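Enquirer: Residue numbers are given in numbering that gives the first Met the number 0: position 87 of the sequence shown equals residue 86, and the series is strictly consecutive.
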Amino acid sequence: MKRKSRSHEGAGPSQRQLRAAELVRHALVEIVAREDLRDPDLQGASITIGEVRASPDLKHMTAFVSALGPGDPQRIANGLTRSAGFLRGRLAKSVDLRFTPQLHFQPDVSYEEARHIDELLASPEVARDLKHEDEA
0 MKRKSRSHEG
10 AGPSQRQLRA
20 AELVRHALVE
30 IVAREDLRDP
40 DLQGASITIG
50 EVRASPDLKH
60 MTAFVSALGP
70 GDPQRIANGL
80 TRSAGFLRGR
90 LAKSVDLRFT
100 PQLHFQPDVS
110 YEEARHIDEL
120 LASPEVARDL
130 KHEDEA
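Below, the structure is given as structure tokens:
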């Protein structure tokens, strides 16, 4: 009888990856809210971390960040990338993982995409088409 492969190619993240990523996300949210980050791109910015994705070995994690309110998510991601060493040190003290992961930051554009979809659905042309489908 052939054994199942443990490879996760094509599959989504494992429970272990999801659990560790969520633990890191919660810790990063608290660190960013509590600490005074001195990077000029982060001064006065309210930062939200929408998602963290972990590599299969949990040694690298990518956080998707954006501004809460006006602000450029790319500038915030760049500022957090420059502060990654400091954040990693604080993270090591607050989470219990075998390895403290290397942190990578990407701008989270999912909120902008959702806003754009809402605008499209509210446009008169789409509203007209949706109204005709409801009547049919």
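All C-beta atoms, glycine included, are put in the ideal place defined by N, C-alpha and C. Predicted, not measured: the structure shown is a model, and the values here were computed from it.
Hey, how far is the Cα of D71 from the Cα of R89?
Expert: Counting from one through the sequence shown, the residue named residue 71 turns up at place 72. Counting from one through the sequence shown, the residue named residue 89 turns up at place 90. Each residue's alpha carbon lies about 25 Å from the other.
Enquirer: Distance, Cα to Cα, D95 vs L22?
Expert: Here residue 95 refers to the residue found at position 96 when the sequence shown is read from its first residue. Here residue 22 refers to the residue found at position 23 when the sequence shown is read from its first residue. Taking the straight line joining both Cα atoms gives about 9 Å.
Enquirer: Name the two residues that bound the continuous alpha helix (DSSP H) containing T47.
Expert: Here residue 47 is taken as the residue at index 48 of the sequence shown, counted from 1. No alpha helix (DSSP H) contains T47, which is instead part of the beta strand (DSSP E) from I46 to A53.
Enquirer: Name, in chain order, the residues that DSSP records as bridge partners for A66.
Expert: Counting from one through the sequence shown, the residue named residue 66 turns up at place 67. Per DSSP, I46.
Enquirer: Examine the Cβ distances between the segment 94–110 and the segment 45–61 and report whether three or more of them are shorter than 8 Å.
Expert: Yes, they touch.
Enquirer: Look up V72 in the DSSP assignment and say whether it is helix, strand or coil.
Expert: Within the sequence shown, residue 72 is the residue found at index 73, counting from 1. Before going further, note that residue 72 is Pro rather than Val in the sequence given. Reduced to three states, the DSSP call for P72 is helix.
Enquirer: Quick one, which of R87, Q73 and F98 has its alpha-carbon nearest A26's?
Expert: Counted from its first residue, the sequence shown places residue 26 at position 27. Cα-wise, what sits closest to A26 is R87.
Enquirer: May I have the straight-line CA-CA distance separating A19 from I116, to the nearest angstrom?
Expert: Within the sequence shown, numbered from 1, the residue matching residue 19 stands at position 20. Within the sequence shown, numbered from 1, the residue matching residue 116 stands at position 117. In a straight line, the C-alpha of A19 is about 31 Å away from that of I116.
Enquirer: Mind checking who H59 pairs with in its DSSP beta bridge?
Expert: Walking along the sequence shown from the start, residue 59 turns up at place 60. In the DSSP output, where bridge partners are listed per residue, H59 has Q101.
Enquirer: Do I75 and A156 have their beta-carbon atoms positioned less than 9 Å apart in this structure?
Expert: Residue 156 cannot be examined here, being either before or after the span of the chain that is shown, 0 to 135.
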